[in-house]
Amino acid sequence: HSLVSSGTTSKQLNKESDARVIGYGGMLGEGLLATVALATVAIIAPDVGGGIGLALPTFAAGGGVILSSFGIPTDFGGPFMALVLVSFLLTSTDTAVRLGRYMMEEIVGTPETPVEEFATNRYGNAFVQSLPAYILITSGSWLTLWQLFGGANQLLAALALLTATVWLANWDDSKQLLSTGLPMALMTTITSLGLLWLAFHDNVYAKFMNPEWMASAGTFAMVAAVVQIVLALVLVYLALALAKIGYDNIKDARSSGGGGGRGGRPQPSDD
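Using my numbering, you'd call the opening residue of the sequence shown number 4 and step up by one each time.
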């Protein structure tokens, strides 16, 4: 959401004041969706909610029960909730491809070679974005990267909060600084601990220190485990490095007196 709002949505606003309604309203909608998703799992037996492969039947069954409280038969409510989930998956895939195309065009810039022209062509660019996803899905190796994707996604949220925190450091009011600084610290800490657990417990301890797994695992499984460990540690390092840079900028801004004065108007520093 931070990537889309800063790179795409901001350019589509008619006026700056629309950002509050669209951005904050969108997040309220996301919060409502998250609450509904949790409720659909909570009202189903615990053994039904395990595993990502059961997401669709669990969401459909739980959603059907929720809709039945409004007088809608479960025979209709269940398939309807399944359609809702599938539509979200479809729009997520479309958004991922569009963002990939957007970033590819930003990286290439003005195409000067045939390869760059192919990479920025609407069809060639879409092919470049779709091919890795197709390989990951058909090979089944996407499960290896799923948890890492979740960690990277949460760190993007922490980065967005860090950016807002550094900017707010130029205000005189510390309350505004804490409104984004505390969520940023919480997001960074929880995500980093989760990635460390993934690296050392789920891979080093549960796999490489397990003689049975070592005896039965193939080359691809070992390589996948090593990739998970390396990427998880890289993400943790990047998160901590960004937090350190942000802390230094905040400290410099606060020590220099920030800006804005008591009137509350921000005057960003050179940092």
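Just so it is clear, CB atoms sit at the ideal spot from N, CA and C, and this is done for glycine as well.
Source: prediction; values computed, not measured.
Straight-line Cα distance separating residue j from residue i
i	j	result
S195	F73	41 angstroms
G267	G249	The pLDDT assigned to G267 is 47, lower than 50, so where the model puts this residue is not dependable; a value taken from the coordinates is nonetheless given after this. Going from the Cα of G267 to the Cα of G249 covers about 22 angstroms.
F203	R257	38 angstroms
L238	Q231	11 angstroms
R125	E119	12 angstroms
K210	D97	35 angstroms
A220	N213	11 angstroms
L198	Y137	25 angstroms
G154	L189	14 angstroms
D251	A244	11 angstroms
Contact set for residue i: own chain, Cβ-Cβ below 6 angstroms, skip 5 residues either direction
i	result
Y208	none
A63	G81, M84, A85
T114	Thr is not the amino acid found at residue 114; the sequence shown has Pro there. Hits under 6 angstroms: E120, T123.
L201	Q150, A235
N206	A228, Q231, I232
F91	none
T145	First, the amino acid is wrong: residue 145 is Trp here, not Thr. Correct list, in chain order: L139.
Residue i - DSSP class collapsed to helix/strand/coil
i	result
M187	helix
G263	Note that G263 has pLDDT 49, beneath the 50 cutoff, so the model's placement of it is unreliable and no number is given.
T116	coil
H204	helix
M212	coil
V19	First, the residue type needs correcting, since residue 19 is Glu and not Val in the sequence shown. Coil.
N156	helix
W170	helix
G74	coil
N128	helix
P269	Since pLDDT at P269 reaches only 49, below the 50 mark, its modelled position is unreliable, and no value is offered.
Extent of the continuous alpha helix (DSSP H) to which residue i belongs
i	result
F83	77 to 111
N252	222 to 258
I69	58 to 71
G28	28 to 45
Same chain only: Cβ atoms within 7 angstroms of residue i, ignoring 5 sequence neighbours per side
i	result
T77	G67, V68, S71
A286	Residue 286 lies beyond the range of the chain shown here (4 to 274); nothing can be said about it.
I253	T168, V169, A172
S3	For residue 3 there is no data in the structure shown, the boundaries of the chain being 4 and 274.
Proximal residues to residue i (C-beta, below 8 angstroms), its chain only, five neighbours per side dropped
i	result
Q132	A99, V100, G103, R104, M107
L59	A85, L88, V89
L241	L158
D21	none
L16	A22, I25
A129	V100, R104
Integer Cβ distance of residue i from residue j, believed to fall under 8 angstroms
i	j	result
T183	A167	4 angstroms
M187	A161	5 angstroms
Proximity test, Cβ basis, 7 angstroms: residue i and chain D
i	result
R125	Looking for chain D here will not work: only one protein chain is present.
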